[in-house]
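Chemist:
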Amino acid sequence: MGFSSALQSRAAHEALIVRQDAELRLMETMKRSIQMKAKCDKEYAISLTAVAQQGLKIDRADEMQGSLISKSWRSYMDELDHQAKQFKFNAEQLEVVCDKFTHLSQDKRKARKAYQEEHAKIAARLNHLTDEVVRKKSEYQKHLEGYKALRTRFEENYIKAPSRSGRKLDDVRDKYQKACRKLHLTHNEYVLSITEAIEVEKDFRNVLLPGLLEHQQSVQESFILLWRNILQEAAQYGDLTADKYKEIQKRIDTVIGNINPTEEYGEFTEKYKTSPTTPLLFQFDETLIQDIPGKLQSSTLTVDNLTVDWLRNRLQELEGAVRDCQEKQLKMIEHVNGGSPVANGSIISNGSNTSNGIQSNKDSLCRQSKDLNALRCQEKQKQKLVDMIKCALNEVGCEELPSGCDDDLTLEQNFIENGYNNEQQISLSTNRPLYEEEWFHGVLPREEVVRLLNNDGDFLVRETIRNEESQIVLSVCWNGHKHFIVQTTGEGNFRFEGPPFASIQELIMHQYHSELPVTVKSGAILRRPVCRERWELSNDDVVLLERIGRGNFGDVYKAKLKSTKLDVAVKTCRMTLPDEQKRKFLQEGRILKQYDHPNIVKLIGICVQKQPIMIVMELVLGGSLLTYLRKNSNGLTTRQQMGMCRDAAAGMRYLESKNCIHRDLAARNCLVDLEHSVKISDFGMSREEEEYIVSDGMKQIPVKWTAPEALNFGKYTSLCDVWSYGILMWEIFSKGDTPYSGMTNSRARERIDTGYRMPTPKSTPEEMYRLMLQCWAADAESRPHFDEIYNVVDALILRLDNSH
Ligand code: ADP
Numbered sequence: 001m002g003f004s005s006a007l008q009s010r011a012a013h014e015a016l017i018v019r020q021d022a023e024l025r026l027m028e029t030m031k032r033s034i035q036m037k038a039k040c041d042k043e044y045a046i047s048l049t050a051v052a053q054q055g056l057k058i059d060r061a062d063e064m065q066g067s068l069i070s071k072s073w074r075s076y077m078d079e080l081d082h083q084a085k086q087f088k089f090n091a092e093q094l095e096v097v098c099d100k101f102t103h104l105s106q107d108k109r110k111a112r113k114a115y116q117e118e119h120a121k122i123a124a125r126l127n128h129l130t131d132e133v134v135r136k137k138s139e140y141q142k143h144l145e146g147y148k149a150l151r152t153r154f155e156e157n158y159i160k161a162p163s164r165s166g167r168k169l170d171d172v173r174d175k176y177q178k179a180c181r182k183l184h185l186t187h188n189e190y191v192l193s194i195t196e197a198i199e200v201e202k203d204f205r206n207v208l209l210p211g212l213l214e215h216q217q218s219v220q221e222s223f224i225l226l227w228r229n230i231l232q233e234a235a236q237y238g239d240l241t242a243d244k245y246k247e248i249q250k251r252i253d254t255v256i257g258n259i260n261p262t263e264e265y266g267e268f269t270e271k272y273k274t275s276p277t278t279p280l281l282f283q284f285d286e287t288l289i290q291d292i293p294g295k296l297q298s299s300t301l302t303v304d305n306l307t308v309d310w311l312r313n314r315l316q317e318l319e320g321a322v323r324d325c326q327e328k329q330l331k332m333i334e335h336v337n338g339g340s341p342v343a344n345g346s347i348i349s350n351g352s353n354t355s356n357g358i359q360s361n362k363d364s365l366c367r368q369s370k371d372l373n374a375l376r377c378q379e380k381q382k383q384k385l386v387d388m389i390k391c392a393l394n395e396v397g398c399e400e401l402p403s404g405c406d407d408d409l410t411l412e413q414n415f416i417e418n419g420y421n422n423e424q425q426i427s428l429s430t431n432r433p434l435y436e437e438e439w440f441h442g443v444l445p446r447e448e449v450v451r452l453l454n455n456d457g458d459f460l461v462r463e464t465i466r467n468e469e470s471q472i473v474l475s476v477c478w479n480g481h482k483h484f485i486v487q488t489t490g491e492g493n494f495r496f497e498g499p500p501f502a503s504i505q506e507l508i509m510h511q512y513h514s515e516l517p518v519t520v521k522s523g524a525i526l527r528r529p530v531c532r533e534r535w536e537l538s539n540d541d542v543v544l545l546e547r548i549g550r551g552n553f554g555d556v557y558k559a560k561l562k563s564t565k566l567d568v569a570v571k572t573c574r575m576t577l578p579d580e581q582k583r584k585f586l587q588e589g590r591i592l593k594q595y596d597h598p599n600i601v602k603l604i605g606i607c608v609q610k611q612p613i614m615i616v617m618e619l620v621l622g623g624s625l626l627t628y629l630r631k632n633s634n635g636l637t638t639r640q641q642m643g644m645c646r647d648a649a650a651g652m653r654y655l656e657s658k659n660c661i662h663r664d665l666a667a668r669n670c671l672v673d674l675e676h677s678v679k680i681s682d683f684g685m686s687r688e689e690e691e692y693i694v695s696d697g698m699k700q701i702p703v704k705w706t707a708p709e710a711l712n713f714g715k716y717t718s719l720c721d722v723w724s725y726g727i728l729m730w731e732i733f734s735k736g737d738t739p740y741s742g743m744t745n746s747r748a749r750e751r752i753d754t755g756y757r758m759p760t761p762k763s764t765p766e767e768m769y770r771l772m773l774q775c776w777a778a779d780a781e782s783r784p785h786f787d788e789i790y791n792v793v794d795a796l797i798l799r800l801d802n803s804h
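Heads up: the sequence shown at position 301 corresponds to 301 in the UniProt record's numbering, and the numbers run straight through without jumps.
1) Using the three-state DSSP reduction, which class does A795 fall into: helix, strand or coil?
2) Comparing alpha-carbon positions, which option in V133, K593, E201 lies nearest Y190?
3) With DSSP run on the structure shown, which of helix, strand or coil describes I525?
4) Taking the C-alpha atoms as reference points, what is the distance between D371 and E286?
5) Excluding five sequence neighbours on each side, which residues of the same chain lie with their C-beta closer than 6 angstroms to the C-beta of Q383?
6) Indicate whether F484 and F494 have their beta-carbon atoms separated by less than 8 angstroms.
7) Which residue from R770, R25, E506 puts its Cα closest to that of T102?
8) Roughly how many angstroms lie between the CA atoms of A111 and Y44, to the nearest whole one?
9) May I have the straight-line CA-CA distance separating E675 from S633, to the nearest angstrom?
10) With a threshold of 7 angstroms on Cβ separation, who are the neighbours of T130 within its own chain once the five nearest residues in sequence on each side are excluded?
11) Buried or exposed, going by whether 16 or more other CB atoms sit within 10 Å of the CB of E448?
12) To the nearest angstrom, how far is the alpha carbon of E63 from that of A52?
13) Is it buried or exposed, D779, if we count other Cβ atoms within 10 angstroms and call 16 or more buried?
14) If you check the beta carbons only, do Y716 and I661 fall under 8 angstroms apart?
15) For my contact list, M729 and C645 are in at a C-beta cut-off of 8 angstroms; report their separation, rounded to the angstrom.
16) Below 6 angstroms CB to CB, which residues in the same chain sit around A161 once its five sequence neighbours on both sides are set aside?
17) Which residue spans inside the UniProt domain "SH2" (439-530) form an unbroken beta strand (DSSP E) run of at least 3?
18) Using 8 angstroms for Cβ pairs, my map puts R462 next to L444. What's the rounded Cβ distance?
19) Give the single residue among I508, Q611, K593 whose Cα lies nearest to the Cα of T576.
20) Assuming contact is defined by CB atoms lying nearer than 8 angstroms, are G549 and N599 in contact in what I supplied?
21) Alpha carbon to alpha carbon, how far is C377 from Q54? Give it in angstroms, no decimals.
22) List the residues that DSSP assigns as beta-bridge partners of S624.
23) Between which residues of its own chain and Y790 is the CB-CB distance below 7 angstroms, once the five residues before and five after are set aside?
24) Since G211 sits in a beta bridge, which residues does DSSP pair it with?
25) Going by CA-CA distance only, name the one from F501, I58, L773, Q65 that's closest to K271.
26) Can you give the Cα-Cα distance for F440 and T464, rounded to whole angstroms?
27) Would you give the residue range spanned by the alpha helix (DSSP H) that K250 belongs to?
28) Under 7 angstroms from any heavy atom of the ligand ADP, does the C-beta of S681 make it?
29) Does S754 come out as helix, strand or coil in the three-state DSSP assignment?
30) Is any non-hydrogen atom of the ligand ADP found closer than 7 angstroms to the C-beta of E327, if you look at the structure I gave you?
31) For N632, verify whether its CB is less than 7 angstroms away from any heavy atom of the ligand ADP.
32) Ignore the nearest five residues each way along the sequence and tell me which others in Q20's own chain have a CB closer than 6 angstroms to its CB.
33) What does the alpha-carbon distance come out to for the pair D171 and H187?
34) Should M644 be counted as a contact of the ligand ADP given a C-beta to heavy atom distance under 7 angstroms?
35) Please go through the same chain and pick out, in chain order, the residues whose beta-carbon is closer than 7 angstroms to the beta-carbon of A748, but skip the five residues on each side of it.
36) Secondary structure at E788, three-state DSSP: helix, strand or coil?
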């Protein structure tokens, strides 16, 4: 069934037009899609070209000459480039296809227009005739009515007229005849127009419309044919299985197939064929240690107190590593010999993992032997380091480990200044206990020891605690400072490198008299024993009586010195504290021994012969000033309070003159004797410097006593002590109140920074409060020095005394 018979109706005609519009839109969509595809393909081609170019940026240097893998790769990339070109060509062809779509759609539009015009034309003739028939019919009706009326009139006149003549009758007859004529003409015209219409309609239906539709069908079908051709073309340019691509793929497969592992390195090995390499030389650069003669030696491990622990740890680590290597080797050998597979799986690869089982087994064996070799080498290398460290540690032998720091650079004053016995001629006896020997210094810290030994041959004996074990050490000045640990033999005798002796005293005497070096390596000879200073008291001379306080490092006791029967105060240092803390504990003694002032607590000595180490001081009977103020708050007079301030100022004036910054001046750190006289104490934080900058954090800072610049910048001067002195005055006048009470440290700090100062305590003389405020000047330089403070307080007391 074709268009000509099936699509004659008006509705079909309109549907045909709509269909053509839809086809044009479809065509437009296809064109756009193919345009996009062409664009994509072009871009892909560009990217592929870039891939190929990137792939060709390979090392063309001589080393790769003759490499099949490199050659294959180049060919592979060339083929990719061909592929890219092919893609580009196809994309361009697709663009041509798009142009064809454009033409086709133009033609289709034209055909649609022609069909519409032709259809309208033939339909217009039929419509026109139809209208004519209607018009003619209505004319007919109109004339018929006119005719009928005139005929009736004529008949009436005719019947009425007696003579059948007369003017009127003639007139009516005339009109009747005219109407009759007109009716007949109209009738004829109507008949003709109907006849014509019938003919035209018949032709329209049977000839013209079918002809038009038939033509239309053939036109549309020819368009579809063209359309199909265009689509076929488009598909063809996107066909990746096309022969051209297949050929390229085939060539790629061939070039990759050309890679041959056994031939790969033929040319290379031929070209670089050489005899085995000469070994590399690693040498210690001597210039590194030019400026530090003696301390560090080229290619030799340095064993000293700074490195020994590290070396021992390293030794342990390395020995562990050696064992590890050995165990791994053992497991691997077991496996190769058919034992169980190696646990970590790194050595064995299971054949089933790979496509080529034989190759995999071969690889696996090859890898195992390689891994075994690597482990053997590792073991050897580590063993070498183990031997080296062991040897170095053994070589130190009985020598106590040298100090890693340069002792001679220490500038601090030392105990020796006040010593009186360095020039004394000492006889070495053997019949008293070691700790009674004058040259036995007990647990005197090493820092102190090296200060005592100044000339080659100076020596002393001391005790050291290492890993909770006591060791006796002979310290000698000989090209620096050497420390030898006295060795104990199985029979309980004592020796260095030479013969053993029943007692340490005998051993030392032997070394002293024989003038033989303590060890061959050191060459150190004992020439002059250095005896204990007067500060170094014997622990046994101190009898602890009762506990009178508790300090940071240990308890404080009232004690008696056996030798002099003197009552003293003794600060003890807990034995369990680490060496570093013990050194800090002795710091107070080291500072105090230089001072002699009625308002500074006096040092009598230190006991370091054995544990616990102790600091012996004058006993100040009233104890801590703070406790005293609190206990005696009712009985204290203003005069006494002012006296206490003057005493403290006197002590601080003395310290300032000695460049000592106390850093912890407070009522709790002052002592008071029975005459209300105040003595500055607790020098644990003090420093002998004009300015002291704290850099290691401020964990235990007495915030409420400390000047703002010290809190904010860690900068300490005597003017900081002046600020603290102001707080001490406040404590004295408030009879032991807590400063800034009700405020936390940080709150107090904040408020001081914004200008707040504590109000005057009740019944404080105005001038004394003014002095406090001066001590609390934000600008340190505006504060009075202790000299001035002392004078002001002294003058005020004088005035007060005079007024009574
Ligand atoms: P630390 O410096 O270890 O904190 P202190 O110097 O504060 O120790 O001493 C703790 C307490 O021992 C003091 O508050 C005081 O009561 C008492 N004390 C310390 N030294 C003496 C002394 N020389 N005379 C009398 N009592 C003392």
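Glycine included, every Cβ here is placed at the ideal spot set by N, Cα and C.
Modeler: A quick look at the data gives this:
1) The residue you call residue 795 lines up with position 795 of the sequence shown. DSSP places A795 in helix when its eight states are reduced to three.
2) The residue you call residue 190 lines up with position 190 of the sequence shown. The residue with the shortest Cα to Cα distance from Y190 is V133.
3) Start at 1 with the first residue of the sequence shown, and residue 525 comes out as number 525. I525: coil per DSSP, three-state reduction.
4) Position 371 of the sequence shown, counted from the first residue, corresponds to residue 371. Position 286 of the sequence shown, counted from the first residue, corresponds to residue 286. If you take the alpha carbons of D371 and E286, they lie about 37 angstroms apart.
5) Counted from its first residue, the sequence shown places residue 383 at position 383. Excluding sequence neighbours, Q383 sits near V322.
6) Within the sequence shown, the letter at position 484 stands for residue 484. Within the sequence shown, the letter at position 494 stands for residue 494. Not a contact, by the Cβ cut-off of 8 angstroms.
7) Reading the sequence shown from its first residue, position 102 is the one you call residue 102. Out of R770, R25, E506, R25 has the C-alpha closest to the C-alpha of T102.
8) On the sequence shown, position 111 is the one that residue 111 refers to. On the sequence shown, position 44 is the one that residue 44 refers to. Approximately 39 angstroms, taken between the alpha carbons.
9) Within the sequence shown, the letter at position 675 stands for residue 675. Within the sequence shown, the letter at position 633 stands for residue 633. Rounded to whole angstroms, E675 to S633 spans 16 angstroms at the Cα level.
10) What you label residue 130 is simply residue 130 of the sequence shown in a count that begins at 1. Around T130: A197.
11) In the sequence shown, counting from the first residue as 1, residue 448 sits at position 448. E448 is buried by the Cβ-count criterion.
12) As a position in the sequence shown, residue 63 is number 63, starting the count at 1. As a position in the sequence shown, residue 52 is number 52, starting the count at 1. Computed Cα separation, rounded: 22 angstroms.
13) Taking the first residue of the sequence shown as 1, we reach residue 779 at position 779. With fewer than 16 Cβ atoms within 10 Å of its Cβ, D779 is classed as exposed.
14) Residue mapping note: residue 716 aligns to position 716 of the sequence shown, counting from 1. Residue mapping note: residue 661 aligns to position 661 of the sequence shown, counting from 1. Yes; because the gap between Cβ atoms is below 8 angstroms, this pair is in contact.
15) Here the question's residue 729 lines up with position 729 in the sequence shown. Here the question's residue 645 lines up with position 645 in the sequence shown. Confirmed, Cβ separation roughly 5 angstroms.
16) For the purposes of this step, residue 161 is identified with residue 161 of the sequence shown, where counting begins at 1. The residues are L169.
17) 458-466, 469-477, 481-485
18) Reading the sequence shown from its first residue, position 462 is the one you call residue 462. Reading the sequence shown from its first residue, position 444 is the one you call residue 444. Between L444 and R462 the Cβ distance is about 6 angstroms, and since that is below 8 angstroms, they are a contact.
19) Residue mapping note: residue 576 aligns to position 576 of the sequence shown, counting from 1. Checking every option, the nearest Cα to that of T576 belongs to Q611.
20) Position 549 of the sequence shown, counting from 1, holds the residue named residue 549. Position 599 of the sequence shown, counting from 1, holds the residue named residue 599. Cβ atoms of G549 and N599: not closer than 8 angstroms.
21) Residue numbering aside, residue 54 sits at position 54 when the sequence shown is read from its first letter. Residue numbering aside, residue 377 sits at position 377 when the sequence shown is read from its first letter. C-alpha separation (whole angstroms): 41 angstroms.
22) If you number the sequence shown from 1, residue 624 lands on position 624. Paired residues: L671.
23) For the purposes of this step, residue 790 is identified with residue 790 of the sequence shown, where counting begins at 1. Counting only Cβ-Cβ distances below 7 angstroms, and skipping sequence neighbours, we find R646, A649, A650, R653.
24) Here residue 211 is taken as the residue at index 211 of the sequence shown, counted from 1. Note: G211 sits in no beta bridge, so no partner.
25) On the sequence shown, residue 271 is found 271 positions in, with the first residue counted as 1. If we check each option's Cα against that of K271, Q65 comes out closest.
26) In the sequence shown, counting from the first residue as 1, residue 440 sits at position 440. In the sequence shown, counting from the first residue as 1, residue 464 sits at position 464. Cα to Cα, F440 sits roughly 12 angstroms from T464.
27) Numbered from 1 along the sequence shown, position 250 holds the residue referred to as residue 250. Segment 243-257, the alpha helix (DSSP H) holding K250.
28) The count along the sequence shown starts at 1 and reaches residue 681 at position 681. Yes, the Cβ of S681 comes within 7 angstroms of a heavy atom of the ligand ADP.
29) Reading the sequence shown from its first residue, position 754 is the one you call residue 754. The identity of residue 754 in the sequence shown is Thr, whereas the question assumes Ser. In this structure, T754 counts as coil in the three-state DSSP scheme.
30) Within the sequence shown, the letter at position 327 stands for residue 327. Checking the Cβ of E327 against the ligand ADP gives no.
31) As a working note, residue 632 is residue 632 in the sequence shown. N632: no, Cβ never under 7 angstroms from the ligand ADP.
32) One-based indexing of the sequence shown puts residue 20 at position 20. R112, listed in sequence order.
33) As a position in the sequence shown, residue 171 is number 171, starting the count at 1. As a position in the sequence shown, residue 187 is number 187, starting the count at 1. Distance between the alpha carbons of D171 and H187: 24 angstroms.
34) Locating residue 644 in the sequence shown gives position 644, where the first residue counts as 1. No, the beta carbon of M644 sits no closer than 7 angstroms to any heavy atom of the ligand ADP.
35) Counting from 1 along the sequence shown, the entry for residue 748 is found at position 748. Cβ neighbours of A748 beyond the five flanking positions: V703, K704, Y740.
36) The count along the sequence shown starts at 1 and reaches residue 788 at position 788. It is helical.
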